[in-house]
Amino acid sequence: MALYWDPSRLRFVASYGHLATQTSADVPMTSFPPKTVSRRELLVDGSDAAFRTLVDDLSHFASRLQQIRDGLARRMGVTTPQYSILMALARRPEEGALGIKALAESLRISVPFVVNETKKLERLGLIGKLPVAEDKRKVDLVLTDEGRRAIAAVGAIQREVNDVLFSSVDEASFHELSKLTRDLLVSAGQALTLSDE
Numbered sequence: 000m001a002l003y004w005d006p007s008r009l010r011f012v013a014s015y016g017h018l019a020t021q022t023s024a025d026v027p028m029t030s031f032p033p034k035t036v037s038r039r040e041l042l043v044d045g046s047d048a049a050f051r052t053l054v055d056d057l058s059h060f061a062s063r064l065q066q067i068r069d070g071l072a073r074r075m076g077v078t079t080p081q082y083s084i085l086m087a088l089a090r091r092p093e094e095g096a097l098g099i100k101a102l103a104e105s106l107r108i109s110v111p112f113v114v115n116e117t118k119k120l121e122r123l124g125l126i127g128k129l130p131v132a133e134d135k136r137k138v139d140l141v142l143t144d145e146g147r148r149a150i151a152a153v154g155a156i157q158r159e160v161n162d163v164l165f166s167s168v169d170e171a172s173f174h175e176l177s178k179l180t181r182d183l184l185v186s187a188g189q190a191l192t193l194s195d196e
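According to numbering that gives the first Met the number 0, the sequence shown is numbered sequentially starting from 0.
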């Protein structure tokens, strides 16, 4: 190994034969902080400042939304994940009971987590389990009368909270926001894979 002075970097660089090691200091910086996005559609006059503000706003909104759900869950005497499970079951009265795998997929959580949380909800008397006629090894989940009463009890505050939360959304923007959110969820999954590599 040998060290040589690189005047363009104003630092010594280690050389192994004809190869030099590269560190983060070797990465050229044309501007700082570096842009967080490169798509021209997301840049305003070449700047990503508006995009960064959007991401920050979305993050803050998600945090507030989570806090709201936490509060509603506390009113029901359950955890936030358990609240999500109960609401998922309540939204499907026309289809009756819901299988554990289907519930996990709809909430984007793992099957073992659903199994663990539904056991707790069953002990609380809020849900019941029905055997599946086609496969006795499987069970479907269904709200009990107590579970329905618990959900009905928070209905008024849910409506009030959501009316205020989305007070700035009209009919046209509601449909646009719904589609955009679904699309963003798909691309978020793809981006998550990249960020974890």
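Don't be surprised by glycine CBs; every beta carbon is placed ideally from N, CA and C.
Predicted model only: the values in this text are computed from it and were never measured.
Test item: CB-CB of residue i and residue j under 7 angstroms
i    : j    : result
A149 : M86  : no
F50  : L57  : no
I67  : V160 : yes
CB-CB length for residue i against residue j, believed under 8 angstroms
i    : j    : result
T126 : V114 : Checking the sequence, you will find Ile at residue 126 rather than Thr. Incorrect: roughly 12 angstroms between the Cβ atoms, too far for contact.
G124 : E104 : Incorrect: roughly 26 angstroms between the Cβ atoms, too far for contact.
K34  : D44  : In fact, because the Cβ distance is near 12 angstroms, the residues do not count as touching under 8 angstroms.
Close-in-space but distant-in-sequence residues of the same chain around residue i (CB under 7 angstroms, 5 per side omitted)
i    : result
A96  : L129, D139, L140, V141
V168 : L176
S109 : A103
D195 : none
T192 : none
R73  : none
Nearest to residue i (by Cα), restricted to the options the options
i    : options                : result
F112 : T192, Q81, P32         : Q81
L71  : G154, S105, S177, G188 : G154
L120 : L106, L88, A151        : L88
R91  : F31, R63, R147, T52    : R147
L200 : Q157, T52, K118, F31   : This structure cannot speak to residue 200, because the chain is shown only from 0 to 196.
G188 : R107, R122, H59        : R107
Spatial neighbours of residue i in its chain, beta-carbon cut-off 8 angstroms, leaving aside the 5 residues before and after
i    : result
E116 : T78, P80, Q81, I84
S62  : none
F173 : F165
T143 : G124, L125, I126, G127
Residues of its chain near residue i, where Cβ-Cβ distance is below 6 angstroms and the 5 sequence neighbours each way are ignored
i    : result
L179 : none
K137 : V131
V185 : none
Which runs of the alpha helix (DSSP H) spanning at least 4 residues fall entirely within the segment 74-106, listed in chain order? Listed in chain order, the complete alpha helix (DSSP H) runs (minimum 4 residues) inside the segment 74-106 are 79-89, 99-106.
Entirely within the segment 43-79 and at least 3 residues each: give me those beta strand (DSSP E) ranges in chain order. Fully enclosed beta strand (DSSP E) runs of 3 or longer: not present.
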